[in-house]
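S.K.: Residue numbers for the sequence shown follow the numbering used here, beginning at 406 and rising by one.
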Amino acid sequence: MRKRNLILVLIFIFFIGLSMNLLVTTKKTTNISWIASERLSDIDGKMLEINDFFGKKYTILNFWATWCAPCVEEMPILSELYNNTKTEGISVIGLAIDNEKNVKEFLQKIKVDHNLLIAGSKGTNIMENIGLNPSNSLPFTIMFDKNYDVIKIKLGKLTLNELLYWVNTAER
């Protein structure tokens, strides 16, 4: 009986993982224009609207936290993408679901070149309102165009190759 239950649990976990993969690859037609006026703090405590950092073509918005190991691993990748594409009208924004103290301590250890905003618990509400991450898990990344239409989403750690693929295929 225990073996049967274990098999059922493993099958269930497999299908959850499969559905998360579909979440990554399925193109969504969600419009998130409401997000532009959200006001959040930068690392210096200055309140800014998210759209102050939007790209002329595309924006990659990454929800992360200092306590999230895959999020921390993504930081150099996101900064590299930012450095390679910022002149092409592509913006990269890290939206920290964390407090200012933790983010500042984190930035003393890890170099980050892309834009960072501190959302705290409000970041979870923003994720919920976007509606593409039902589990509110991190890291969570979305790419949208200048019309705020979501082009790509990913729940989980991204690679530089994935991000470059996003940018290159969005151009078509």
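Yeah, the Cβ is synthetic: ideal placement off N, Cα and C, and Gly gets one too.
Does the distance from the CB of Gly528 to the CB of Ser496 come in under 7 Å?
M.R.: No. Outside cutoff.
S.K.: Tell me the rounded alpha-carbon separation between Trp445 and Thr435.
M.R.: Looking at the sequence shown, residue 445 is not Trp but Leu. Going by the C-alpha atoms only, they are around 22 Å apart.
S.K.: Suppose you measure from the CA of Leu563 to the CA of Glu479; what does that come to, to the nearest Å?
M.R.: Whole-angstrom Cα-Cα distance: 7 Å.
S.K.: Just the C-alpha distance for Pro475 and Lys451, rounded to the nearest angstrom, thanks.
M.R.: Pro475 and Lys451: Cα-Cα distance of roughly 27 Å.
S.K.: Could you have a look at Asp457 and say whether DSSP puts it in helix, strand or coil?
M.R.: Reduced to three states, the DSSP call for Asp457 is helix.
S.K.: When every heavy atom of the ligand ADP is checked, does at least one fall within less than 6 Å of the C-beta of Leu522?
M.R.: No copy of the ligand ADP occurs in the structure displayed, which carries no ligand at all.
S.K.: Using DSSP bridges, identify the partner residues of Val497.
M.R.: Val497 is bridged to Ile465.
S.K.: How should Asn573 be labelled, buried or exposed, when 16 other C-beta atoms within 10 angstroms of its C-beta is the threshold for buried?
M.R.: Per the 10 Å Cβ criterion, exposed.
S.K.: Can you give me the C-alpha to C-alpha distance between Leu590 and Leu537, rounded to a whole angstrom?
M.R.: Look at the range of the chain in this structure, 406 to 577, and you will see that residue 590 is not part of it.
S.K.: If you draw a straight line from the C-alpha of Ser442 to the C-alpha of Ile531, how long is it?
M.R.: Taking the straight line joining both Cα atoms gives about 12 Å.
S.K.: Whose C-alpha, out of Asn507, Leu565, Lys551, is nearest the C-alpha of Trp472?
M.R.: Of the candidates Asn507, Leu565, Lys551, the one whose C-alpha sits nearest the C-alpha of Trp472 is Asn507.
S.K.: Measuring CA to CA, which of Thr464, Asp449, Leu453, Asp447 is closest to Ile437?
M.R.: Residue Thr464 is the option with its Cα nearest to Ile437.
S.K.: Spatial neighbours of Val429 within its chain, please: C-beta separation below 6 Å, excluding the five flanking residues on both sides.
M.R.: At Val429, the pLDDT of 46 sits below 50, so the modelled position is not reliable and the matter cannot be decided from this model.
S.K.: Can the beta-carbon of Asn534 be found closer than 7 Å to that of Gly499?
M.R.: Not closer than 7 Å, so no.
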